[in-house]
Amino acid sequence: MPTSPPHDLLSLLTLETVDENTYVGSCPPSMRERLYGGQVVGQALRAAATTVPASHLPHSLHANFILAGRPDEVVRYEVDRIRDGRSFMTRRVVARQSGGAILNLDASFHAPEEEVDTPGTALPQILPQPDQLDRTTWEAFGDVRVVPLTRATDPARSAMWIRAESNLGEDAVLNACALAYLSDHNPMDAIIASHPQGLAWDELMSASLDHAVWFHRPFRADEWLLFDLNAGGLHDARGLAMGTVHDHQGRHVASVAQEGVVRSPR
């Protein structure tokens, strides 16, 4: 079992091998009461990718958060090799701690093909660039710059420029795992912003229910990425945020969706 806590994102995404289908990930020191969901998603994708040949790259993941993870305990990842096809391979991962399963993740891997490449959605032009924004202080493994938005014009939107601080190189799988880690930062912000009491977010009970990422084009997660998400309102205490990820060159490299629960004070 890993004994030393990870000191950067690269070490966070480096898993200990138990056997050919089982891996263990460490947790960084944290003041949080709950384990950051992006960590479990990123490590689960890394575990799945470890069982797939280098010829196939992640193109989508769909995860369900089952229980809040403990930040003071390692996470065990059990991989089920669902299907190995010529073009696509499918893996299912269960993340566990001592209290039981905390996440299920399905990941699909695709062998790249030489086909037409048409542009995705355009990069929003009116948003400030990251060098015009202040860095937040609450993220250890990434540089996060929150784009200021007003409820009058963007009542259910959250936009952030984010980059990993580790040098990830050109490894497509590692960069996909890093983006998966980073992608859990702002979906709930968009959902909470759609709540009438959204400005008093610390008085609301909120939690992520599920999470999905689609990878469209090659990218570097250690270079600036704009995560721009909008929520579609709330019903039955649940809201859905969906949005795009663009690189600093304006290419639409990924899409993200997350459903979350938001409850008013009782």
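When the count follows my numbering, it moves up by one through the sequence shown with no breaks and lands on 266 for the last residue. In this text, a Cβ means the ideal position worked out from N, Cα and C, and glycines have one as well.
| query | result |
| --- | --- |
| Buried or exposed by the 16-neighbour rule on C-beta atoms within 10 Å, applied to Asp189 | buried |
| Euclidean distance between Cα positions of Thr3 and Glu73 | The predicted model places Thr3 with a pLDDT of 46, which falls under 50 and marks its position as unreliable; any figure quoted below should be read in that light. The alpha-carbon atoms of Thr3 and Glu73 are separated by roughly 10 Å. |
| Which of helix, strand or coil DSSP assigns to Leu12 | helix |
| Boundaries of the beta strand (DSSP E) in which Ile126 is found, first to last residue | Here Ile126 belongs to no beta strand (DSSP E), and DSSP marks it neither H nor E. |
| For Ile191, the first and last residue of its enclosing beta strand (DSSP E) | Counting along the chain, Ile191 falls outside any beta strand (DSSP E), though it belongs to the alpha helix (DSSP H) covering 187 to 193. |
| Status (buried if at least 16 other CB within 10 Å, exposed otherwise) for Pro53 | exposed |
| DSSP-derived helix/strand/coil call for Leu45 | helix |
| Per-residue burial, Met1 [other beta carbons within 10 Å of its own, 16 or more giving buried] | With a pLDDT of 44 at Met1, under the threshold of 50, the modelled position of this residue cannot be trusted, and the question is left open. |
| Leu179 - DSSP class collapsed to helix/strand/coil | helix |
| Classification of His246 by the beta-carbon crowding that lies within 10 angstroms, buried from 16 upward | buried |
| Straight-line Cα distance separating Ser166 from Gln258 | 26 Å |
| Straight-line Cα distance separating Ile192 from Leu240 | 10 Å |
| Coarse secondary structure for Thr3, derived from DSSP in three states | Bear in mind that the predicted position of Thr3 carries a pLDDT of just 46, short of 50, making it too unreliable to give a figure here. |
| Contact set for Leu133: own chain, Cβ-Cβ below 6 Å, skip 5 residues either direction | Arg145 |
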